[in-house]
């Protein structure tokens, strides 16, 4: 039996938030069902943000409620603030993920708040969640941890500082996000190690984009450092706001192919995963669906780890 | 100063041999000149194979002779047999690379000879080259070292056996080729280590394809094991004969971006490298030019290692 690696599908959130058209709720749910049927059991189904800002996410509450009917699904929702966390809790999400920009410039541009003010928001969410009846996992994401389109280089010491502040605020898990895809494997290793030294196993997850073609190599670098949870999007949905035409999230199909080929057990069936692209395509017919394994076909040498 | 890594451009050989149209000799030379101007100093400019089999390579002698006029260029030519090696020598190539299929089925399908018969051909080339006045480097490639579209899995022990036989035949350098792109990083590491144990530093080079999207991650795996020479093709030219639509060689631009970002010194200027795509496009207007860095644009955080 291979060692377990968790692949969290973020397509319904990160993949859709910049899409030109809006995927209908039914289509989102059908897509999520197809993903679960393929063996993906953790899905970021949407975000609780103001519908005026991201209309693609206006129905996240409905998607979460529909997701609760799907056996075996752990529902992750992105929330930018306490109000979003409250909405996510009320809808029934199992995990809320709060983004905190490590880059001060990115933080101000996106949330009108500095990085440490956003950490304070995370602390408020922690306190509010602790006062509720139902237990919800609280994750925080160090966003722009490997570079920023506004500030350029992001110092490793600042990633460590924000991660430490998040651990101190009581989050359950921390993820590092290469939001714009500037990261390289040496940097991933170095930053992951530095953050692990500070917060230990609270560093759980990497969120990588394939903007420069290094996404899968960056995942490998994280894997080498002991990371066992990765975000990815079916068909590499997502794009990059600063680079039109650039690739989006790392491709779930290619990531699963690599992990299983290397002997890691993802619990995911690659054929069924590829079949789930059809549900995505039906819901978002104009989106370009990326993926090398799909283009080439699963090779005859492929064997699942489990 | 970063550690040196050599990127050998194989586009003019591996990228063109399956192209639908034939690139004119002048266009090949203009492309090669643009690559050299970007800082690439080792280029596989073509192969000496029967023109009836691969008409795209009929002018390789002319290309080699033109290449001799370009200062600082080390000219590599692929040769399948002694006759090809003799033609490469006469044209003036600095390095000849002889492919040897590790997969017996692939070897017979491509050369009508078994793997060890092809090693005997390498030995004959060694003897003939040793008797010539001019010194030419003799490399041999363990082709289908990480999987085969005909035989499927290729045992590691067989890669080691063929590499050992090639070392015994007196080759100067050995390369391992993931010809069909089935390899994964764990396998790359394991096979590279096993071959290194047998032939030491004679294992110089990896030749990787991006068929399944793992090409750059596989390069990282090789890098981790001490490999410092990689084949790649500008714009990922090349494709895969068994998988129409699949990606070809790993993309030189993306590979250089990764290496330089990680602190390795390739000697290559990324802007000029990207500019060389124009010469490729002029010579082969129908070819699809791949590459993530080009699509997204070189990020503001990019700094050359040197």
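Chains as they are written, first to last, in the numbering used here: chain G, 6 to 311; chain P, 6 to 311.
The beta carbon of each residue, even a glycine, is placed where N, CA and C say it ideally should be.
C-beta atoms of residue i and residue j nearer than 8 Å
i, j, result
"residue 151/G", "residue 193/G", "yes"
"residue 14/P", "residue 59/P", "no"
"residue 108/P", "residue 84/P", "no"
"residue 270/G", "residue 7/G", "yes"
"residue 127/P", "residue 105/P", "yes"
"residue 115/G", "residue 266/P", "no"
"residue 90/P", "residue 101/P", "yes"
"residue 176/G", "residue 129/G", "no"
"residue 280/P", "residue 301/G", "no"
"residue 291/G", "residue 25/G", "yes"
"residue 314/G", "residue 149/G", "The structure shown does not extend to residue 314/G, since chain G is modelled only from 6 to 311, so the question has no answer here."
"residue 164/G", "residue 200/G", "yes"
"residue 181/G", "residue 228/G", "no"
"residue 221/G", "residue 75/P", "no"
Neighbourhood of residue i by C-beta distance below 7 Å, restricted to the same chain and skipping five residues each side
i, result
"residue 284/G", "35, 36, 39"
"residue 92/G", "53, 66"
"residue 18/G", "49, 50, 51, 52, 83"
"residue 209/G", "178, 179, 180, 234"
Close Cβ partners of residue i (< 6 Å) along its chain, the five nearest in sequence each way excluded
i, result
"residue 20/P", "238, 242, 243"
Backbone secondary structure at residue i - three-state DSSP
i, result
"residue 208/P", "strand"
"residue 241/G", "helix"
"residue 104/G", "strand"
"residue 52/P", "strand"
"residue 184/G", "coil"
"residue 193/G", "helix"
"residue 256/G", "strand"
"residue 179/G", "strand"
"residue 10/G", "coil"
"residue 111/P", "helix"
"residue 80/P", "strand"
"residue 275/G", "helix"
"residue 161/P", "helix"
"residue 129/G", "helix"
"residue 19/G", "helix"
"residue 146/G", "strand"
"residue 156/G", "coil"
"residue 47/G", "strand"
"residue 87/P", "helix"
"residue 262/G", "helix"
"residue 289/P", "coil"
"residue 294/G", "coil"
"residue 213/G", "strand"
Exposure of residue i, with buried meaning 16 or more beta-carbon neighbours within 10 Å
i, result
"residue 205/G", "exposed"
"residue 135/P", "exposed"
"residue 122/P", "exposed"
"residue 289/P", "buried"
"residue 259/P", "buried"
"residue 47/P", "buried"
"residue 223/G", "buried"
"residue 162/G", "exposed"
"residue 77/G", "exposed"
"residue 295/P", "buried"
"residue 137/G", "exposed"
"residue 313/G", "Only positions 6 to 311 of chain G appear in the structure, and residue 313/G is not among them; the question remains open."
CB-CB length for residue i against residue j, believed under 8 Å
i, j, result
"residue 111/P", "residue 156/P", "7 Å"
"residue 98/P", "residue 69/P", "5 Å"
"residue 310/P", "residue 268/P", "5 Å"
"residue 256/G", "residue 240/G", "7 Å"
"residue 213/P", "residue 226/G", "Their Cβ separation, rounded to whole angstroms, is 17 Å, which puts residue 213/P and residue 226/G out of contact at 8 Å."
"residue 233/P", "residue 11/P", "6 Å"
"residue 219/G", "residue 263/P", "5 Å"
"residue 282/P", "residue 299/P", "7 Å"
"residue 273/P", "residue 43/P", "6 Å"
"residue 167/G", "residue 147/G", "5 Å"
"residue 187/P", "residue 304/G", "5 Å"
Beta-carbon contacts of residue i that lie in its chain and below 8 Å, excluding the five residues immediately before and after
i, result
"residue 172/P", "179, 203, 204, 207"
"residue 169/P", "203, 204"
"residue 142/G", "99, 100, 101, 177, 178"
"residue 30/G", "64, 67, 68, 71"
"residue 131/P", "143, 174, 175, 176"
"residue 79/P", "46, 47, 48, 99, 100"
"residue 1/G", "The structure shown does not extend to residue 1/G, since chain G is modelled only from 6 to 311, so the question has no answer here."
"residue 191/P", "226"
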